[in-house]
Ligand SMILES: Nc1ncnc2c1ncn2[C@@H]1O[C@H](COP(=O)(O)O)[C@@H](O)[C@H]1O
Ligand SMILES: Nc1ncnc2c1ncn2[C@@H]1O[C@H](COP(=O)(O)O)[C@@H](O)[C@H]1O
Ligand SMILES: Nc1ncnc2c1ncn2[C@@H]1O[C@H](COP(=O)(O)O)[C@@H](O)[C@H]1O
Ligand code: NA
Ligand code: NA
Ligand code: NA
């Protein structure tokens, strides 16, 4: 067990986490430190491109193993099913109305790519390898949760929106997914040769860029927390910590059954455990404008994201260690 | 001949071209993937600085050979004369009015620095070296074509604008030229020592940055194509493919006569073959607002640019190979 | 003595200085070359993060020596006292009214982090090492000068603003200070291990990024000079050159007494000699809107900054050389 | 001689960014094809305050759609816009104005 | 049936960026909680011209605060705003307008 | 006591970015030295739609020039502006407004 704490501590004093903490602290202290939105967006494009590309190269060099299709399927299924669990848990733990509960639930089925990226960094520093196609699994897990949330909403009597064609396009062709999948394909096609050409752009400076990005995420999360004082209560906080752990706990045996490596299993757990703060909120604003972003954004970005970053990831590594060990 | 195809294929599966294709596909599929304009501009500043600097270092280390002045002169002459050829070809192939034909013609005399940059990448991967001062030649070829276009316009009866002082300044001191030439001079002055200081910024990550830039170019080109459906017809498409090949065909013997190396000749051909989509459109908006950007921008950015990137450059390498071989 | 000139020349032909000169020339020639403000801000965040982090790592590896507290104290004292000297000098050399003189004086007590960064680059290329905590000294020297300026203002009869709570927060928690100090702490905590993880982001490309930043600074300075023709007279120019030299001259023996290394002494002199163009102008806009930014910004950014960059730094190195030699 | 000015209306719609495309589509369908989009830095309203810096997500952020239109078409425009904006946060504000080149509107 | 429109005022305050927070705080204190911030690229006035590009410093740059408000509260707003803007450069401009959903203002 | 407000005009000119300098120069020459530039994200008009994202080129993109001016000088302003805008795409819109500190305009 002491391994968990050691790993957690080691994880906590990495530049990545500390950068997030710095951003958080700056925002809570109401410093005017901030990133221009164009810079934040540019960095996120870089991260998506790099992580997608490296995933594709991974597949190119290690080949597609038989578990690929299974992982994809299970990922999609988890993304679609976890919202139901989240919804039930929210109804039990909190007094959210159907509308807000469904909106929050959608976030927890979907994924956070930055948490995924941070987890790959931790795996690397642990010397654990993972399947390159986990990136593609991440991409496939973004959308199904949104459908489940909309289904939950349609059952409530509050006249929630039915899906329109535009919303479909926005969900399936949203920039993050397209870039992630596209870069994955480019990495797959060009393989190690392609990587060699651009690795001093997408590999060497990667962690440093991630630090700056997490600094910005910290600022954003801190402002969210500051602005939403009052909209989160104890029950919601409990949900924000419990739900990821439960999701990871469910994902672990699935990963084991599919036959993922230990590294792959950790990433799969992280995908299950992380909550969306990009694709799903955008869809929810359109589909359920009545739901309060102060709840779902703060919960996923201000509570679950930092939890996963600091405690969650080392915990999932430890859980996988026990399972695989 | 099979060399061309091999090179073309090899060229096509490079991360650079695939990134462009990804952007194009995303835009055509109406994904919301896009780059903040500040990021796109920052990347283009980086590319101009890097390519200019490296060109200057090239001159510093290999010295100015006697062909420099000749290449400059021939470049300027080509830039000034190609618009007349383009204008004639347009009148023959299409039903454009004088105004639009002159505006388009101006674009094809001028140059595309990104095509130039992509060509230097291809040369590098082929192990072909080239004269460092080709960057300066690129700079000198930007403006003369604009004058020719304005002259063509002044002959039409449509009351086109005469040059005013502001337009002159804008053309000659436009940011791209100033940065390219300035960085060239800095590279020249500081030489290999200067390069050593900053090469891990302007050399190592260069290709990766280029990928992201071409991704954005693909998005822009794709949107242009989508928006301009209808304004381009078969004749215009034919022009967009033919004109660069003809220009390259003319530039090749010129390069040979001047005494450029094979690599230099390829770059010279690429400059002749590429069409402007930054400096010239800006000048045309001011001087001939009646001309339709939907035609000239789409043609240069949506047709000729991708053509050069994918088929053109390998073709010009092959042509130069036959000539020099 | 010839060493100064050699160093000055060597300094002048570095890519960093030449980039600044290029920006300056472009702006003076009224080229439209410019950086998107988001890009300029992003670069400055990068520089602050990198310089802070490296400073912290320096402290982690060499330990806190006994001079740390002394340097901090002396830095704060210098920052607080130099404005009085500047004020007196301005009253003697120029005909500025109290309001503007106090505003200008505040700038010269505070510091310019970019000048500091440029000086570290020069030290590096000279093989001179310096104390890592000089970064923290830089941070501590930002604010005291503002208080002195406000005190000077409060004594004038012009109804200057008293400090309000918001202004306090803005000064002490302004983004630059928070990021610099935060990154310093992160570097300190994570030490050489942390640096190893992200050095290909914050160390290798650093100088190249600095070139682009100084290019932009050159543009900004050039525009400032162009726009403010008329508001600066001979006396002000003289002040802009004299004040930094005097400050450095005062700082040198202080550094010697404290026991700083020669490199540290140079940085201390540079801090004393440099003038703020970020934190102080912002505070002055709020506290003394009647003072003219055309004077204080142009003086600090258009006169003293280039002076320090080109002549000042080599001069201070030479002065320190004589003192320590 | 002074230029001919014609009375018109200036409609300013402040709307969430994810709804912008839907709004302009609705305007296009209603035959209203002239408008200008302005970026919005931040704001405050019944649903709290926000600022563009500090948005990780497309979900937040607003834009302004400015539409200059002949008086007799304002109701059409407002109907089309209102159908989109109805359930969403944001503000619609109509001002009298005069335009040159009236044939364009 | 056309939508109900109600007369209101649109107040547009162009103000230096470092003063923005103070202005919106003053508005909030005066009970005025609806406004929108627009970025400003540049401008020209008695204190010369400036542009966002070419600003190294938070010290310069301006923003626009747009506040749509019921007619009877305009004076309150102007008083609150004027106290902040008084010593500073910038412009305050008030326009008649009409709003939908008047209960919001 | 409420602040003194004076009637004025607010002229909003939406114009292509490459023409901005020419427009403001023309305004300066006509003695009109107060204006504010706003960025424009995108728009739609007779010449089709465009958006700032997806512009590789300075050739496209628009800005808004907002000029608050005394009523008696509006015609001067419009004449100066119209000479520049005439052959170009874009829109000019004039609104009645009131200003504080009227001596500035
Ligand atoms: N009275 C107002 N004047 C100007 N803008 C407003 C006003 N009320 C709301 N807004 C804008 O509309 C957004 C949403 O407002 P609300 O629907 O009240 O939450 C705010 O963030 C502001 O940008
Ligand atoms: N007449 C005006 N119309 C529109 N904006 C103005 C006007 N006068 C000043 N401004 C804006 O207010 C800023 C400061 O003006 P001033 O206080 O005159 O220096 C300018 O940079 C413009 O952005
Ligand atoms: N009716 C309108 N209302 C607001 N902006 C307009 C209108 N018509 C045109 N514009 C703006 O002016 C630009 C050029 O319009 P046009 O000259 O019609 O092509 C458009 O892209 C819009 O930004
Ligand atoms: Na999840
Ligand atoms: Na050409
Ligand atoms: Na100083």
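Residue numbers (our numbering), protein chains in the order written: chain F, 271 to 595; chain L, 271 to 595; chain W, 271 to 595; chain Y, 151 to 255; chain E, 151 to 255; chain G, 151 to 255. Every residue, glycine too, gets a C-beta built ideally from N, C-alpha and C.
*Along the stretch 153-178 of chain G, what residues have a CB closer than 9 Å to any CB found in chain L?*
Here the close residues are 166, 167, 168, 169, 171, 172, 175.
*asked:* At a threshold of 7 Å, does residue 570 of chain W count as lining ligand 5 (C-beta to nearest heavy atom)?
replied: In terms of side-chain proximity, the C-beta atom of residue 570 of chain W is found no nearer than 7 Å to any non-hydrogen atom of ligand 5.
*Residues of chain E with CB under 7 Å from residue 630 of chain W, in chain order?*
Because chain W in this structure spans residues 271 to 595, residue 630 of chain W falls outside the shown range and cannot be described.
*Is residue 605 of chain W helix, strand or coil when you go by DSSP?*
The first residue shown for chain W is 271 and the last is 595, placing residue 605 of chain W beyond what the model contains.
_Sequence-distant residues of its chain with Cβ nearer than 8 Å to residue 340 of chain W (five each side left out)_ = So the qualifying residues of the chain are 528, 529.
*List the whole-angstrom C-beta distance separating residue 522 of chain L from residue 543 of chain L, where the pair is believed to meet the contact cut-off of C-beta under 8 Å.*
Contact annotation, residue 522 of chain L with residue 543 of chain L: C-beta distance approximately 10 Å; criterion of less than 8 Å not satisfied.
*Have a look at residue 194 of chain Y and residue 211 of chain Y and give me their C-alpha separation to the nearest angstrom.*
The C-alpha of residue 211 of chain Y is placed about 12 Å away from the C-alpha of residue 194 of chain Y.
*Beta-carbon spacing of residue 550 of chain L, residue 376 of chain L below 8 Å*: yes
_Enclosing alpha helix (DSSP H) for residue 453 of chain W [first to last residue]_ = 445-472
*Relative to chain F, which residues along the stretch 434-445 of chain L have a C-beta separation below 9 Å, given in chain order?*
none
*asked:* If I follow the unbroken beta strand (DSSP E) through residue 248 of chain E, where does it start and stop?
replied: 240-249
_Please state whether the Cβ-Cβ distance between residue 407 of chain W and residue 277 of chain W is less than 8 Å._
no
*Give the interface partners of residue 218 of chain Y over in chain G, defined as CB-CB distance under 7 Å, in chain order.*
What residue 218 of chain Y touches in chain G: 241, 243.
*asked:* List, in chain order, every chain W residue whose beta-carbon is nearer than 8 Å to that of residue 202 of chain E.
replied: 307
*asked:* Can you tell me whether residue 164 of chain Y is helix, strand or coil according to DSSP?
replied: strand
*Just to confirm, are residue 242 of chain Y and residue 163 of chain Y a CB contact at a threshold of 8 Å?*
yes
*So what does residue 214 of chain G bridge to, in DSSP terms?*
In the DSSP assignment, residue 214 of chain G is bridged to G:164, G:188.
*Would the stretch 547-561 of chain W and the stretch 368-387 of chain W be scored as touching if the rule is three or more Cβ pairs under 8 Å?*
yes
*Any beta-carbon of chain Y closer than 8 Å to the one on residue 564 of chain F?*
Judged by the 8 Å Cβ criterion, residue 564 of chain F is in contact with chain Y.
*With contact counted as at least three CB pairs below 8 Å, one residue from each stretch, are the stretch 483-493 of chain W and the stretch 556-565 of chain W in contact?*
Flag = no, the stretch 483-493 of chain W and the stretch 556-565 of chain W do not touch.
*From the beta carbon of residue 350 of chain L, is the nearest beta carbon of chain W less than 8 Å away?*
no
*Per DSSP, the bridge partner or partners of residue 201 of chain G*: G:192
*Under 7 Å by beta carbon: chain W residues contacting residue 198 of chain E*: 497, 564
*Out of L:299, L:286, L:582, L:329, state which residue places its alpha-carbon closest to the alpha-carbon of residue 459 of chain L.*
Comparing Cα positions, the closest option is L:329.
*Go ahead and pull the three-state DSSP assignment for residue 223 of chain W.*
Past the edges of chain W, shown from 271 to 595, lies residue 223 of chain W, and the structure says nothing about it.
*What are the residues that DSSP puts in a beta bridge with residue 157 of chain Y?*
Y:248
*Any residues in the stretch 219-233 of chain G with a beta carbon nearer than 8 Å to a beta carbon of chain Y? Which ones, in chain order?*
225, 228, 229, 232
*Along chain Y, which residues have their Cβ under 9 Å away from the Cβ of residue 187 of chain G?*
Going along chain Y, no residue has its Cβ under 9 Å from residue 187 of chain G, so there is no contact; the nearest lies around 12 Å.
_Once DSSP output is grouped into helix, strand and coil, what is the label at residue 520 of chain W?_
helix
*If you drop the 5 nearest sequence neighbours on each side, which residues of the same chain put their C-beta closer than 7 Å to that of residue 337 of chain W?*
528, 529, 530
*What is the rounded straight-line gap between the Cα of residue 443 of chain W and the Cα of residue 304 of chain F?*
If I take the Cα positions, the gap works out to 12 Å.
_I'd like to confirm the pairing. Which residues does DSSP put opposite residue 313 of chain L in its beta bridges?_
Residue 313 of chain L pairs with nothing; no bridge assigned.
*Does DSSP put residue 410 of chain L in a helix, a strand or coil?*
helix
*Assuming residue 306 of chain L contacts residue 481 of chain L under a Cβ cut-off of 8 Å, what Cβ separation, rounded to an integer in Å, is found between them?*
No, residue 306 of chain L and residue 481 of chain L are not in contact; Cβ-Cβ is about 17 Å, not under 8 Å.
*asked:* Let me check understanding here. Comparing Cα to Cα, which of F:441, F:590, F:507, F:532 lies closest to residue 401 of chain F?
replied: F:532
_contact_flag[the stretch 315-326 of chain F, the stretch 495-514 of chain F] where n(CB pairs < 8 Å) is 3 or more_ = no
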